[in-house]
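Okay, so the sequence shown: first residue is 80 according to my numbering, each after it adds one.
All C-beta atoms in this analysis are idealised placements derived from N, C-alpha and C, irrespective of residue type, glycine included.
The structure displayed is predicted, hence computed values, not measured ones.
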Amino acid sequence: MHRRSFLTSLAGLVIAGPAAAQMKHGIGGMGSHSNHNMLMVGTNPILPEVQLLKALPRLSNQSAVPGVFKAELAAEPGFVRFAEGLDTPVLLYNGTNPVIEAREGDRIEISFKNRIPGEPTTIHWHGMPVPADQDGNPNDPVAPGGERIYAFDLPEGSAASYWFHPHPHGLTAEQVYRGLAGIFIVKPKDDPIPSEYGDTVLMLTDLRINAVGTMPQSTMPDLMNGRVGDHVLVNGQKNPAMPVALGEKRRLRLYNATNARFLRLKFENASMIVVGTDGGLIEAPVAVDELLLTPAERVELIVSFDKPGAAILTTLDYERGWMGPSKPNEAGMILLTANVSEEAVAAMPPLPAKLRSIEPLGNPIVTRRFVLRQHVDAGYGSLQHVHIFREHGDEVPDQRQ
Ligand SMILES: [Cu+2]
């Protein structure tokens, strides 16, 4: 099935069609497009599917000192071949989306170079307990051609699935959708998850490329809603294949590294148990039928493959609120195909009933009341401005004391 681009009559914007080939039930997202006059302007490239899942490359530690992780990272332009015969210009860290793996208590020192021509950038360590002056904030840019060292310590109890991405003022979304992102795993001193389950990173990104393989400019709906692509990729691949043995349990770390897509996920023919979130492992495993992973969010799953054949990670519809045309169809995209063997694996160790102890926060001592209001200035022909502001906040002693 071919994916197509459409030129809408509205504001002359090129709006890409749904990711038809990735859809389980054929083209399902046409409804929102059919309100507009459409004109076919080209054939979008086909991305290969069900190729063997690749692991993202690890950034190697250049320090020989125990407890110190030292490496170099450069943000730079590059090319990736997403579709046959087309090299897409992208931005990458060291030519890829690297994985940094360190341990609680480690000292981290990253020498960073900005090799993006004409653009400032930073590295923001998303979710990590990092001092503000090491966290690549928008007020702390690294100029094109510039360099700096990011250094911080990973405290006890900080083990979790984090990631990193640029955070320069006004350019964050674009540098992220052009490809700049990496994974940062902090391992605990003692990991309660059996090592037999492995530890697989699945980084979900959202790609829009046109017929010549380049990423089109953002449209008005992108600016209003956040940019959503045509293809949701796993480790840069569309619907890759992951071979697993019957009865196998796998530890999967899912990262929503898309720019703006809400992912409501379900595993068909496999069962999911949540063991961790943005804050690391939870106290006890929780079995779920589905889960919502919002942009930048992470989840750690134990997935049991107890039926032979294909077990697919797929998306369900989600209404997150959409302004204007070209609402994406969220349901029925196949993100990953696990091919479960007929032959059973030797019995795997069970998942512990308790994963860690989390101190209760205690009873609140103050209640603050925030009233949030949303106000839209409807401009004529210009971008609408949405203001969300805090009307007032009172501090009152908690009545439950
Ligand atoms: Cu972030």
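For A375, the shortest C-beta to heavy atom distance toward ligand 1 is below 8 Å. Inter-segment contact for the segment 326 to 341 and the segment 136 to 150 is absent: fewer than three beta-carbon pairs are separated by less than 8 Å. A direct Cα-Cα distance of roughly 15 Å separates G261 from G157. As DSSP reads the structure, V178 sits in a beta bridge with R137, I262. Within the DSSP secondary-structure output, D285 pairs in a beta bridge with V311. At the C-beta level, R287 and Y256 come within 9 Å of one another.
Leaving aside the five residues that flank E163 on each side, the residues in its chain whose CB is nearer than 8 Å to its CB run, in chain order, P124, I125, P127.
Taking all protein chains in view, the Cβ of E422 is surrounded by fewer than 16 other Cβ atoms within 10 Å, so the residue is classified as exposed.
Residue environment for E398: exposed (fewer than 16 other C-beta atoms within 10 angstroms of its C-beta). Residue pairing from DSSP places R186 in a beta bridge opposite V147, D232. Separation of S190 and A134 (C-alpha to C-alpha, rounded to the nearest whole angstrom) is 24 Å. By the C-beta criterion, the segment 297 to 309 is judged to be in contact with the segment 270 to 288, since at least 3 inter-stretch pairs fall below 8 Å. Annotation for H246 indicates a beta carbon within 8 Å of some heavy atom of ligand 1.
Inter-residue distance for M412 and P387 is about 21 Å (C-alpha atoms, whole angstroms). For the pair A417 and T201, the Cα-to-Cα distance works out to about 36 Å. By the neighbour-count criterion, in which a residue is buried when 16 or more other Cβ atoms sit within 10 angstroms of its Cβ, T446 is exposed. At least one heavy atom of ligand 1 lies less than 8 Å from the C-beta of H205. Beta-bridge partners assigned by DSSP to T279: L331. DSSP, reduced to helix, strand and coil, places N348 outside both helices and strands of the structure shown, so it counts as coil. Distance from L415 to N318 at the Cβ level is roughly 7 Å; contact confirmed, criterion being Cβ atoms closer than 8 Å. Between L170 and I195, the gap from beta carbon to beta carbon is short of 9 Å.
Annotation: A339 is outside any alpha helix (DSSP H) and is labelled neither H nor E by DSSP.
If the five residues before and after R160 are omitted, its C-beta is found closer than 8 Å to the C-beta atoms of D166, T167, all from its own chain and listed in chain order. Secondary structure of T201 (DSSP, three-state): coil. Distance from the CA atom of E362 to the CA atom of I179, rounded to whole angstroms, is 25 Å. Nearest neighbour of F243 by Cα position, chosen from P234, G258, G236, turns out to be G258. DSSP places T373 outside both helix and strand once states are collapsed to three, so it counts as coil. Using a Cβ distance threshold of 9 Å, L430 and V367 do not count as a contacting pair. The alpha carbon of P234 has as its nearest neighbour, out of D212, K268, N176, the alpha carbon of K268. In the three-state reduction of the DSSP assignment, D166 falls in the strand class. Along the length of the segment 376 to 423, whole beta strand (DSSP E) runs at least 3 residues long occupy 377 to 384, 388 to 395, 413 to 423, reported in chain order. A Cβ-Cβ separation of about 6 Å places L344 in contact with L370 under the 8 Å criterion.
Burial is judged here by how many other beta carbons sit within 10 angstroms of a residue's own beta carbon; D214 has at least 16 and is buried.
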